[in-house]
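Colleague:
Residue numbers (my numbering): 11 to 321.
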């Protein structure tokens, strides 16, 4: 995929109907030869729209108006480029716990959670958050995760988690203001509710920080999984992570995770982790596929705002 295609696709597939500002920016960048030339000097993995927009936000630049964004990015390109080379998109959206919960609650309890691509580990606390599936509420406190659910009943319980760990090439610490600032910068401009959710989830994680290990999803996963308590059900999971992994490493990861005891939950782009004969996607924007042990179960929205169970 060319950089032009990448930005045009992001605008049409992911930002449309979700972030008007990022839809406008992506379409503008896709038509801007000078910006595209600069972006193309970066390694392919560093050319993502989310990464560019997040870095500009982190540096204090404008992301609402394409002309102001263009002027800032070009005038400050050395700083923008330097940040893009050393950072990765590490969106740590706790709202995704709402689409994981129906599967987590169905597994033999208690659970030992191991998240691949964990960022700061905010998705490792599905037992601590509150949920609202339409009129059905579950749990108390903050954050409250709202999720539209169809095709299955809302979960009746939260899971019992006795061990939580994350694996990431660059784990973040919610107790570090600089790391939280990067997580905030990755939230799309209009999404004030997600910023509030980030702060509430960070408070939960700060009170009992998870075990976060710096490592590779193939080479280092078995050793971390071996540290899970044997009396608990091991659950290896990941959400919107594998698009950053080259296809051969995705295949190697799938082979490794299938060989582990316990269960594997994937919540990924269907073009990244492919399944045969999926039903038609619901209308209303881009969806991931939620799968358990390689079996697709449901369509999910990218930030956990909806889940549509397969019939």
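Glycine included, each C-beta is placed from N, C-alpha and C at the ideal position. These figures come from a predicted structure and were not determined experimentally.
Near residue 27, which residues of its chain fall below 6 Å by C-beta distance, leaving aside the five closest residues on each side in sequence?
Modeller: In the chain shown, counting from the first residue as 1, residue 27 sits at position 17. Cβ neighbours of residue 27 beyond the five flanking positions: 295.
Colleague: Who are residue 178's beta bridge partners in DSSP?
Modeller: One-based indexing of the chain shown puts residue 178 at position 168. The partner list for residue 178 (beta bridge, DSSP) reads 224.
Colleague: Pull up the distance between the alpha-carbon of residue 309 and that of residue 124, whole angstroms please.
Modeller: Numbered from 1 along the chain shown, position 299 holds the residue referred to as residue 309. Numbered from 1 along the chain shown, position 114 holds the residue referred to as residue 124. Cα to Cα, the separation comes out at about 22 Å.
Colleague: Along the chain, where does the alpha helix (DSSP H) containing residue 63 start, and where does it finish?
Modeller: Along the chain shown, one-based indexing puts residue 63 at 53. Its alpha helix (DSSP H) spans residues 59-68.
Colleague: Let me know the secondary structure DSSP gives residue 13 once reduced to three states.
Modeller: In the chain shown, counting from the first residue as 1, residue 13 sits at position 3. Helix, per DSSP.
Colleague: Using a 10 Å radius around the Cβ and a threshold of 16 neighbouring Cβ atoms, would you call residue 51 buried or exposed?
Modeller: Along the chain shown, one-based indexing puts residue 51 at 41. Exposed, since its Cβ has fewer than 16 Cβ neighbours within 10 Å.
Colleague: Under 8 Å, do residue 45 and residue 21 count as touching if we go by C-beta distance?
Modeller: What you label residue 45 is simply residue 35 of the chain shown in a count that begins at 1. What you label residue 21 is simply residue 11 of the chain shown in a count that begins at 1. Not a contact, by the Cβ cut-off of 8 Å.
Colleague: Could you tell me whether the stretch 157-165 touches the stretch 128-136, where touching means 3 or more Cβ pairs closer than 8 Å?
Modeller: No, they do not touch.
Colleague: Thinking C-alpha only, which one of 228, 212, 149 is nearest residue 258?
Modeller: Sequence index remark: in the chain shown, residue 258 carries index 248 (1-based). That would be 228, whose Cα lies nearest to the Cα of residue 258.
Colleague: Shortest alpha-carbon distance to residue 56 belongs to which of 96, 103, 306, 129?
Modeller: Along the chain shown, one-based indexing puts residue 56 at 46. Closest by alpha carbon: 96.
Colleague: Identify the residues that DSSP records as bridge partners of residue 243: which are they?
Modeller: By one-based count along the chain shown, residue 243 stands at place 233. Partner(s): 121.
Colleague: Check each candidate in 160, 126, 68 and name the one with the smallest Cα separation from residue 315.
Modeller: Taking the first residue of the chain shown as position 1, residue 315 is located at position 305. The residue with the shortest Cα to Cα distance from residue 315 is 160.
Colleague: Straight-line CA distance for residue 211 to residue 190?
Modeller: Reading the chain shown from its first residue, position 201 is the one you call residue 211. Reading the chain shown from its first residue, position 180 is the one you call residue 190. The straight-line gap from Cα to Cα measures roughly 11 Å.
Colleague: Measure the alpha-carbon distance for residue 283 versus residue 226 and round it to whole angstroms.
Modeller: In the chain shown, the residue the question calls residue 283 occupies position 273. In the chain shown, the residue the question calls residue 226 occupies position 216. Straight-line Cα distance between these residues: approximately 18 Å.
Colleague: Report the partner residues of residue 143 according to the DSSP bridge assignment.
Modeller: For the purposes of this step, residue 143 is taken as residue 133 along the chain shown, with counting starting at 1. Bridge partners of residue 143: 146.
Colleague: Less than 7 Å between C-beta atoms, sequence neighbours within five positions excluded: which residues of the same chain meet that for residue 23?
Modeller: Mapped onto the chain shown, residue 23 falls at position 13. Once the five neighbours on either side are set aside, the close Cβ partners of residue 23 are 296.
Colleague: Does residue 220 pass the burial test, meaning 16 or more other C-beta atoms within 10 Å, or should it be called exposed?
Modeller: For this step, residue 220 is matched to residue 210 along the chain shown. Buried: at least 16 other Cβ atoms inside 10 Å.
Colleague: Along the chain, where does the alpha helix (DSSP H) that runs through residue 90 open and close?
Modeller: Within the chain shown, numbered from 1, the residue matching residue 90 stands at position 80. That run of the alpha helix (DSSP H) goes 87-96.
Colleague: Using C-beta distances below 7 Å, list every residue in its chain close to residue 35, excluding the 5 sequence neighbours before and after it, in chain order.
Modeller: Counting from one through the chain shown, the residue named residue 35 turns up at place 25. Hits under 7 Å: 63, 73, 76, 79.
Colleague: Return yes when the Cβ of residue 90 is within less than 8 Å of the Cβ of residue 65, no when it is not.
Modeller: Start at 1 with the first residue of the chain shown, and residue 65 comes out as number 55. Start at 1 with the first residue of the chain shown, and residue 90 comes out as number 80. Going by C-beta atoms, residue 65 is nearer than 8 Å to residue 90.
Colleague: Find the nearest neighbour of residue 31 within the set 201, 253, 122, 236, judged by alpha-carbon distance.
Modeller: Against the chain shown, residue 31 aligns to sequence position 21. Nearest option by C-alpha distance: 201.
Colleague: In angstroms, rounded to a whole number, what distance separates the CA positions of residue 270 and residue 288?
Modeller: Translated into the one-based positions of the chain shown, residue 270 becomes position 260. Translated into the one-based positions of the chain shown, residue 288 becomes position 278. Spanning the two alpha carbons is a distance of roughly 26 Å.
Colleague: Are residue 47 and residue 196 closer than 8 Å when you measure CB to CB?
Modeller: Indexing the chain shown from 1 puts residue 47 at position 37. Indexing the chain shown from 1 puts residue 196 at position 186. The answer is no: Cβ separation not under 8 Å.
Colleague: Indicate whether residue 285 and residue 264 have their beta-carbon atoms separated by less than 8 Å.
Modeller: Within the chain shown, the letter at position 275 stands for residue 285. Within the chain shown, the letter at position 254 stands for residue 264. For residue 285 and residue 264, no; Cβs fall outside 8 Å.
Colleague: Quick check: residue 320 and residue 110, are their CB atoms within less than 8 Å of each other?
Modeller: Here residue 320 refers to the residue found at position 310 of the chain shown. Here residue 110 refers to the residue found at position 100 of the chain shown. The answer is no: Cβ separation not under 8 Å.
Colleague: Determine the direct distance from the alpha carbon of residue 241 to that of residue 99, and round the result to whole angstroms.
Modeller: In the chain shown, counting from the first residue as 1, residue 99 sits at position 89. In the chain shown, counting from the first residue as 1, residue 241 sits at position 231. Cα to Cα, the separation comes out at about 34 Å.
Colleague: Which full runs of the beta strand (DSSP E) of 3+ residues lie inside the stretch 250-317, going along the chain?
Modeller: Complete beta strand (DSSP E) runs here, min 3: 273-278, 297-302, 305-311.
Colleague: Going by the beta-carbon positions, is the gap between residue 244 and residue 233 smaller than 8 Å?
Modeller: Locating residue 244 in the chain shown gives position 234, where the first residue counts as 1. Locating residue 233 in the chain shown gives position 223, where the first residue counts as 1. No, these two residues do not count as a Cβ contact at 8 Å.
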